[in-house]
Amino acid sequence: MNSEFTKENNETSLIFAKPSINEFKSIINDIATNPNVLSLKNRVQHKNKSRYYHCLCVSFYTYAICKKLKLDYVSAARGAMLHDFYYYDWRDKKVEGQKKFHAFRHPRIALNNAKELFELNELEQDIIVKHMWPLTLKLPAHRESYIVTLVDKYCASREIIRLLRKKIKFL
Ligand SMILES: [Fe+2]
Ligand SMILES: [Fe+2]
Numbered sequence: 005m006n007s008e009f010t011k012e013n014n015e016t017s018l019i020f021a022k023p024s025i026n027e028f029k030s031i032i033n034d035i036a037t038n039p040n041v042l043s044l045k046n047r048v049q050h051k052n053k054s055r056y057y058h059c060l061c062v063s064f065y066t067y068a069i070c071k072k073l074k075l076d077y078v079s080a081a082r083g084a085m086l087h088d089f090y091y092y093d094w095r096d097k098k099v100e101g102q103k104k105f106h107a108f109r110h111p112r113i114a115l116n117n118a119k120e121l122f123e124l125n126e127l128e129q130d131i132i133v134k135h136m137w138p139l140t141l142k143l144p145a146h147r148e149s150y151i152v153t154l155v156d157k158y159c160a161s162r163e164i165i166r167l168l169r170k171k172i173k174f175l
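Residue numbering for the sequence shown follows the numbering used here, starting at 5 and increasing by one per position.
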């Protein structure tokens with residue numbers, strides 16, 4: 005999808021720089037309601053959270069940060085929503101190498117899956133394929149892609165910390 009983002013420097017752009025849930029929903033609506041993407045609700049990402057929830061979390065924070073920084077928040081939110089668009093269970097020990105190589109290969113798998121269903125611009129593709137940087141050696145080509153790498157790690161850490169807290173409470 006071509007982004008309709010335009011850089012504005014006038015006063016009104018400051019008002020519209022405020023993130024809004026409704027705007028966020030309209031940006032990712034076709035992706036978030038696609039049946040294949042919805043199937044990620046049944047895929048566990050970090051034990052207690054689905055992959056869908058994780059992608060939504062990364063996408064929303066990315067949208068809010070990029071909007072504040074006057075970057076291309078439309079493409080950034082869309083790319084972020086698709087950054088972990090793979091269907092398999094990376095913990096599945098029955099599949100040889102699944103867990104071991106997952107971190108390196110799932111960005112490319114996610115990109116291929118996303119390309120089958122959506123028209124992606126260059127920024128959206130860069131976000132998906134580089135989101136595991138610095139594990140994926142090639143440097144992200146855009147500021148928005150760097151933001152996704154950071155937000156992804158932040159959301160993943162938050163999901164894991166919540167899980168640990170629950171476990172500790174249980175003990
Ligand atoms: Fe990932
Ligand atoms: Fe992720």
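For glycine and all other residues, C-beta sits at the position ideal for the given N, C-alpha and C.
Just how far apart, CA to CA, sit residue i and residue j?
{"i": "Ile-69", "j": "Ile-151", "result": "8 Å"}
{"i": "Leu-75", "j": "Leu-44", "result": "28 Å"}
{"i": "Tyr-67", "j": "Arg-109", "result": "25 Å"}
{"i": "Ile-113", "j": "Trp-94", "result": "12 Å"}
{"i": "Ile-132", "j": "Leu-86", "result": "7 Å"}
{"i": "Ser-149", "j": "Lys-97", "result": "31 Å"}
{"i": "Ser-30", "j": "Lys-104", "result": "37 Å"}
{"i": "Ala-36", "j": "Tyr-91", "result": "15 Å"}
{"i": "Asn-46", "j": "Arg-169", "result": "23 Å"}
{"i": "Lys-72", "j": "Val-78", "result": "12 Å"}
{"i": "Ser-63", "j": "Arg-147", "result": "15 Å"}
{"i": "His-135", "j": "Tyr-158", "result": "12 Å"}
Between residue i and residue j, which are expected to be in contact by the criterion C-beta below 8 Å, what is the C-beta distance as a whole number of angstroms?
{"i": "Asp-88", "j": "Cys-61", "result": "Not a contact, Cβ separation roughly 11 Å."}
{"i": "Val-155", "j": "Tyr-65", "result": "5 Å"}
{"i": "Gln-49", "j": "Glu-128", "result": "Incorrect: roughly 20 Å between the Cβ atoms, too far for contact."}
{"i": "Leu-121", "j": "Asn-38", "result": "6 Å"}
Using three-state DSSP, classify residue i as helix, strand or coil.
{"i": "Ser-54", "result": "strand"}
{"i": "Ser-24", "result": "coil"}
{"i": "Asn-125", "result": "coil"}
{"i": "Asp-2", "result": "Since the displayed the chain opens at 5 and closes at 175, residue 2 lies outside it and no answer follows."}
{"i": "Lys-74", "result": "coil"}
{"i": "Leu-18", "result": "Any reading at Leu-18 must be qualified, since the residue scores a pLDDT of 49, below 50, and its modelled position is unreliable; the value itself is stated next. The answer is helix: DSSP assigns Leu-18 an H, G or I state."}
Can you pull the DSSP bridge partners for residue i?
{"i": "Val-133", "result": "None; Val-133 has no bridge partner."}
{"i": "Val-48", "result": "Ser-54"}
What span of residues does the alpha helix (DSSP H) with residue i cover, start to end?
{"i": "Ala-145", "result": "From DSSP, Ala-145 is part of no alpha helix (DSSP H); its letter is neither H nor E."}
{"i": "Leu-42", "result": "39 to 42"}
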